[in-house]
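Scroll down for the structure; my scribbles are underneath it.
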Amino acid sequence: MPFDVVLGGILSPLFIASILRISTPIILPALGGLISDLAGVINIALEGIMLVSAFTGVIVSAYTGSVWIGVLAGIVVGMLYSLLLALFHLYLNTDIILAGIALNIMAQGGTIFLLFILTGDKGNTSSLASGAVPTITIPFIENIPWLGTILSGHNLFTYLAFLFTWLVSILLYKTPLGTHLRAVGENPVAAETVGINVRRTKTIAIALSGFFASLGGLSLSMAYLTLFQNAMTNGRGFIALAAVFLGGRTPWGTTIASIIFGFADALSNQLGSLAIPPQWVQMIPYVATVLALVIYSIRRQAKQRERLRRFQEGEVKSSGAAEAGTD
Amino acid sequence: MTPLIDMRDIVKVYPNGVVANEGVDLSVEKGEIHALVGENGAGKTTLMKILYGLEQPTGGEIIFREQALEVRSPHDAIDQGIGMVHQNFMLIPSFTVAENIALGEEPTKRGLIRKRKAVQEVEELSAQYGLRVDANAVVDSINVGMRQRVEILKTLYRGAEILILDEPTAVLTPQETEELFNAIRSLVNQGKTVIFITHKLREVLEISDRVTVMRAGKVVGTLPTSEVTREGLASMMVGREVLLTVDKPHKERGEPVLIVNDLSYVSGDTGRQVIKHISFNVYAGEILGVAGVEGNGQTELVEVLTGLRQATTGTAHIDSKDILNTGPRNVRMAGVAHIPEDRLTNGLALLGTIEENLIVDRYFRAPFKKGISIDRKAVTELSDKLIKEYDIRTINGQVQVMSLSGGNMQKVIVAREFSSDPKLLIAAQPTRGIDVGATEFVRQQLVLKRTEGTAVLLVSADLSEVMSLSDRIIVMYEGEITGVFPDAASLTEEEIGLYMLGIKHQEVEDMEVVL
Amino acid sequence: MKKIFQSSGFRELLRVFIAVAVALALGFIVTMLVSEDPVGAYKSFLFGPVSKLNRFGDWIEESITLIFLGLAVVVVFKAELFSLGQEGQMVLGALVAGSIALFVPLPAYFLIPLAILGAMLAGFLWGLIPGYLKAYLNANEIVSTLMLNFIALKIYEWLLTNSIKPEDAGYTASDTFPVEGTMSSFIPPLPFLSEIRTLFMNQTNISIALYLMVIATIVVYYLMYHTPFGYELRMVGANIKFARYGGVNTKRTILLAMAVSGIFAGLAGAHVASGVHRKLILNITFGLGFEGIVVAILARNNPLLIPITGLAYGYLRAGANVMERTSDVSREMVLVIQGIIILLVTAERLMPMIQERIKVRRTQRNDIPPADTGVTPTEGGD
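Chains A, B and C, in that order, are what the protein sequence lines are.
Just so we're aligned: 156 in our numbering is position 148 of the first sequence, and the numbers increase by one with no gaps anywhere.
Just so we're aligned: 1540 in our numbering is position 450 of the second sequence, and the numbers increase by one with no gaps anywhere.
Just so we're aligned: 232 in our numbering is position 189 of the third sequence, and the numbers increase by one with no gaps anywhere.
Have a look at this one:
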């Protein structure tokens, strides 16, 4: 297929809309990863929490016949699962990485195990009639050419992803809780001295991170797809962490970085026809994250060196005057 | 007038037996600036930590506003209007000044922080007390003086009426110190009470109304500042009988082993010049003692000489090779051994065995390295030998170091460093925090090495230790060498005290002769 | 005798034992709830791997891979580096080994050793990258190794799909390796062993990797406890400030630790490619990377215990596979058991004696004190 046709395909509103759709299950857990990382409790278990919530939502909605009860159940169970991380790390002194790995393994196994028991099928829950969270068409906007396709008609979760990005940034930078979360992550000793309960704050951070990871999982199994599939998260919990770092650990940065990952994913499908291997496109965000890590580290070191040089220059200049002053 | 704070007969004994406060009485009047002075280890910070609730007294009571007060935690203290500014700042680097000051007590409206109100409140406080800060500046980018003012404003923001300042001028330049003093005067003019811990006598005279002198856990006296002189204070702080008698055979010193020239160090964090162009030699067969109150650059001097920090200017030659800025391994290969000030952090790997801790400076050389592997038998032989030689109380060398007592841990370090047969031995606070027996032992070993011909650089805040062990003594004050005493035995503690506290300063030409 | 029971090593072992027992008990309870024949199911779980030769083979083969991975993890964890990069190093090792096996025309004596060496080199280089980033730029090794895992998997996928897969293949996999490129059976081709050899070769793929595994274990042990490099690595892990003070080049040690760890992960890759599957398939490393971490945790980072925990952990996995094939319980239950084991073993608070180690680590790393203690550490003096 000629290049310009593919390019046209990429710039088409449908494609851009698909990017937003594909990025949603990355943005949501990434927000959770951001909150926990800023509070100093990096959440490796996002993947597992997503699986747990995705599964719970499907099962509960199928058995109760109600989409919204399913969603609620998914969120509650996901958050409870994330609180296990808090329990083992903050109260039983397990290393947070190891606890996260354990939770991921248990979620992976537990969901498939229960899947098999409940449906007799290890692949997915297609035999169950689980609910779908609705897509939303915005009445006036949907009629705008080009923009309308991009902005309207998305699933609720997609809109929530962007709404929550905004809300999370308000939480982190404009509320006492968010400020305390960031303080605890940066200098817990200092936070303790002003009366902030570090352990409680970190627990809240983990619970919030579980909340967003749960939404992320539900957005996979109760939106465009209405079933739970074996390992359907496909590493998104880890991609979400990468997005946090790639985005410079800020809410909008994280979301944009998540979209970059989503973009790469969507693009890789399109470019298949151009004899550009999809893997190369898929690789781009990961390479970008490594580069970002390198750049941040180099900049940090350069800043320190610069500061030292500034001080030393000041020293040299004033050393003539410094001889006086003792008596 | 009844005092605002009346601490009566305060006793503090730590679980390891150290008596930090022994029957201390301190009374502070409302609206005064009260200086609390003493050397390191005098007990002044402990006393203030008790007042602020960071420590609990073993005995005694606190009467506050004529009522008995129990301060179980800093929160209790803050509730009573007592605020403390520590030596280590408790700030969040990426937050602004206002955010740091308001942390934990942010003004809110409908759940959202009212940033402008916080800034406004900070600016008002700042203007009211003359504590100049930029409310919107990020703490990471402001200098130390302003950071300290932020800490002070933090206490004021929480309604402190009494401020405890712990060695506030330790990190400040002279100009910043002046600013601080103006702010303190302003605070007091507006009804606050300030307790000021320091060992800088010049400052005591300049700013305080009354001064309490502590020494070795007890109060020596409390006087109105108008009635004291620096010399008088110094003798109260320092005067005591020298209890130690160490057998020190006469030794002619040899050639200079370490030649330090024009050494400077500027801190990368604070920008302060910590070491100011000092030069000195250390000769074979002598113990050169560095006397001085902690915080005058001695720690950094040791770290620079041992390769743990980068010097800003200057050279330090051993055998015509400059060891500065070459890293710890090169320094050790040049024949330097180092007993570190902070033995738990640097000097030992607590989770390692005694054997493992003993070979860190020689595992890559024969006889411990044979071919590509480590000769474990040789290691065990060494460890057994050293355990016996240095009387380390342990079952064997495979025991983890963390199970040893403090004194025995220090012996492991001493055993390692001494047995490396160094040309130059740098010992920083070598007997701090260890039992009497181990202390005696370490001191004897230092003298032994010196008599065998090793050059020893001894840095110690324990003045009697420095005086009884050293052949020569230099005094460091505010990063400079202010005095050299080639004949340590003839000195009195009062005399040295005057130099340690910056009251006296030898002429540079006089010093050069004997450095 | 009493000393043995009181030693910390024994108590660690006891703790692992208890954790496994508890987890297995919980697993049985779950099995009772879901299975029509819980006893039968659990029996096949517990005894399955030794009931038939091919199942036995599966157990041993998978354990060998896990042991290589566990050794790789021990090397980095002992240096207090949280490198999670084993999966990426492994897949590249598999790629190189497989490519050499498929495309390099050499006789067997050269081909297999070359493939193995190539895999080791690939793992080494892939570990060097995050090692450099951590050592010289202080870049977070968790993120960098996770990213490099993804990148490595994509590289593998691309090459497999585009270059290595034969044109006419129905699904994404390479050709089966030529015999010279596969690891031969672990039973030597001696006349009096020929019957057993044929038996094993028909039913299992247990290969000379078994001996490689033993050698690797000894090598890691020796490296860590008998060489200067191992000493440096352990001291950096125990107290990096001490190591620096003593003169160790800590940056170089970190760099090499991550790279050397990659060697063993690469070996794991060579094994899965040339020993187990004998061809390159998609998802050849599926999730095994993290399982290596579990094996290392269970062995408490002691290289000599890795073969034991590797075999034990592999046994759990193999048993679960058998259970799934012969009963109505799916093998994923074992993953839940694994998770419980990890949590119980690593929850330091559950074994009070370990508290001391935590406190010590915190002093030596200038860490935050535990949340429920006072903020400022108390000390004597001033």
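We put the beta carbon where it would ideally sit given N, CA and C, even for glycine.
From a predicted model like this one, the values you see are computed outputs, not experimental measurements.
| said: Buried or exposed for proline 209(C), going by 16 or more other Cβ atoms inside 10 Å? | reply: By the neighbour-count definition (other C-beta atoms within 10 Å, threshold 16), proline 209(C) is an exposed residue.
| request: Please name the residue in Ile1485(B), Ala1517(B), Thr1529(B) whose C-alpha comes closest to that of valine 1380(B). | output: In this structure, Ala1517(B) is the residue among Ile1485(B), Ala1517(B), Thr1529(B) with its C-alpha nearest to the C-alpha of valine 1380(B).
| request: Entirely within the region 205–291 of chain C and at least 4 residues each: give me those alpha helix (DSSP H) ranges in chain order. | output: Listed in chain order, the complete alpha helix (DSSP H) runs (minimum 4 residues) inside the region 205–291 of chain C are 237–246, 252–269, 271–281, 283–289.
| said: What does DSSP give as the partner residue(s) for alanine 1381(B) in the beta ladder? | reply: Answer is Val1565(B).
| Range covered by the beta strand (DSSP E) that runs through glutamate 1112(B) | Unbroken beta strand (DSSP E) run through glutamate 1112(B): 1109–1118.
| field | Of the residues Phe99(C), Gly91(C), Met278(C), the one placed nearest asparagine 245(C), counting alpha carbons only | value | In this structure, Phe99(C) is the residue among Phe99(C), Gly91(C), Met278(C) with its C-alpha nearest to the C-alpha of asparagine 245(C).
| Unbroken beta strand (DSSP E) run spanning isoleucine 1593(B), endpoints | Under the DSSP assignment, isoleucine 1593(B) falls outside any beta strand (DSSP E); it carries neither an H nor an E label.
| task | Please state whether DSSP places tyrosine 1373(B) in a helix, a strand or coil. | result | Tyrosine 1373(B) falls in the strand class under three-state DSSP.
| said: For a cutoff of 8 Å on Cβ pairs, would you count proline 285(A) as touching chain C? | reply: Answer yes: the Cβ-Cβ gap between proline 285(A) and chain C drops below 8 Å somewhere.
| said: Under DSSP, the beta strand (DSSP E) around serine 1354(B) begins and ends at which residues? | reply: Counting along the chain, the beta strand (DSSP E) containing serine 1354(B) begins and ends at 1346–1356.
| field | Where histidine 314(C) sits in the DSSP three-state scheme | value | Look at histidine 314(C) here: in three-state DSSP terms it is helix.
| Taking valine 139(C) as the reference, which of Ser217(C), Lys86(C), Val65(C) has the closest Cα? | Ranking the options by Cα distance to valine 139(C), first place goes to Ser217(C).
| request: Using a Cβ cut-off of 9 Å, pull out every chain C residue sitting near leucine 235(A), in sequence order please. | output: For leucine 235(A), no chain C residue has a C-beta closer than 9 Å to its own C-beta; the minimum C-beta separation is roughly 18 Å.
| task | Within the region 1133–1206 of chain B, note down every full alpha helix (DSSP H) run reaching 4 residues or more, in order along the chain. | result | Scanning the region 1133–1206 of chain B for uninterrupted alpha helix (DSSP H) segments of 4 residues or longer gives 1134–1142, 1164–1169, 1187–1192, listed from N- to C-terminal end.
| field | Cβ pair valine 1350(B), serine 1325(B) closer than 8 Å | value | Their beta carbons are not under 8 Å apart, which means valine 1350(B) does not touch serine 1325(B) by this criterion.
| query | Out of curiosity, what's the CA-to-CA distance linking isoleucine 1462(B) and methionine 267(C)? | reply | Distance between the alpha carbons of isoleucine 1462(B) and methionine 267(C) is about 12 Å.
| request: Determine the closest residue to glutamine 1596(B) out of Leu1295(B), Ile1571(B), Gly1587(B), with distance taken between C-alpha atoms. | output: When each option's Cα is compared against that of glutamine 1596(B), the closest is Ile1571(B).
| said: Would threonine 1198(B) pass as an interface residue toward chain A - the criterion being a Cβ-Cβ separation below 8 Å? | reply: With a threshold of 8 Å between beta carbons, threonine 1198(B) makes contact with chain A.
| message | Residues of chain B with CB closer than 8 Å to the CB of asparagine 345(C), please, in chain order. | response | Correct list: empty, because the minimum Cβ distance to chain B is about 14 Å.
| query | Under a three-way DSSP split, which group does asparagine 163(A) fall into? | reply | Asparagine 163(A) sits in a strand when the DSSP states are folded into three classes.
| task | For chain C, find out if any of its Cβ atoms is closer than 8 Å to the Cβ of aspartate 103(A); answer yes or no. | result | Using beta-carbon distances, aspartate 103(A) counts as an interface residue toward chain C, with a partner under 8 Å.
| message | Starting from leucine 1514(B), trace the beta strand (DSSP E) in both directions and tell me its first and last residue. | response | According to the DSSP assignment, leucine 1514(B) belongs to the beta strand (DSSP E) that extends over 1514–1518.
| task | Give a yes or no on whether the minimum CB-CB distance between valine 379(C) and chain A is below 8 Å. | result | Yes, contact with chain A.
| Residues of chain A with a CB under 9 Å from the CB of serine 370(C): which are they? | The premise fails here: serine 370(C) is roughly 12 Å from chain A at the closest Cβ pair, so nothing lies under 9 Å.
| query | Is it true that the CB of serine 228(C) sits closer than 8 Å to the CB of arginine 240(C)? | reply | Taking C-beta atoms as the reference points, arginine 240(C) and serine 228(C) count as a pair closer than 8 Å.
| field | glutamine 1488(B) in three-state terms, based on DSSP | value | In the three-state reduction of the DSSP assignment, glutamine 1488(B) falls in the coil class.
| task | Put asparagine 112(A) into one of helix, strand or coil per three-state DSSP. | result | If DSSP states are grouped into helix, strand and coil, asparagine 112(A) belongs with the helices.
| For the beta strand (DSSP E) that glutamate 1570(B) lies in, which residues bound it at each end? | If you look at glutamate 1570(B), you'll find it in the beta strand (DSSP E) that goes 1570–1575.
| When every heavy atom of the ligand ATP is checked, does at least one fall within less than 7 Å of the C-beta of lysine 1120(B)? | Ligands are entirely absent from the displayed structure, and the ligand ATP is therefore not among its contents.
| task | For chain A, find out if any of its Cβ atoms is closer than 8 Å to the Cβ of proline 1258(B); answer yes or no. | result | No, proline 1258(B) lies away from the interface with chain A (no Cβ there is under 8 Å from its Cβ).
| field | Residue ranges of each alpha helix (DSSP H) within the region 1211–1261 of chain B, 4 or longer | value | Entirely contained in the region 1211–1261 of chain B, the alpha helix (DSSP H) runs reaching 4 residues are, in chain order, 1234–1247.
| said: How far does the beta strand (DSSP E) with alanine 1578(B) in it extend, from its first residue to its last? | reply: Here alanine 1578(B) belongs to no beta strand (DSSP E), and DSSP marks it neither H nor E.
| query | Is asparagine 1279(B) helix, strand or coil when you go by DSSP? | reply | If DSSP states are grouped into helix, strand and coil, asparagine 1279(B) belongs with the helices.
| said: Residues in the same chain with beta-carbon distance under 7 Å from alanine 1110(B), minus the five sequence neighbours each way, listed in chain order, please. | reply: Excluding five sequence positions before and after alanine 1110(B), the CB atoms of its chain that fall closer than 7 Å to its own CB belong to Lys1102, Tyr1104, Gly1133, Thr1136, Gly1307, given in chain order.
| task | Could you have a look at phenylalanine 172(A) and say whether DSSP puts it in helix, strand or coil? | result | If DSSP states are grouped into helix, strand and coil, phenylalanine 172(A) belongs with the helices.
| task | Verify the CB distance criterion: does tyrosine 274(C) have a CB-CB separation below 8 Å to chain B? | result | At least one chain B Cβ lies under 8 Å of tyrosine 274(C).
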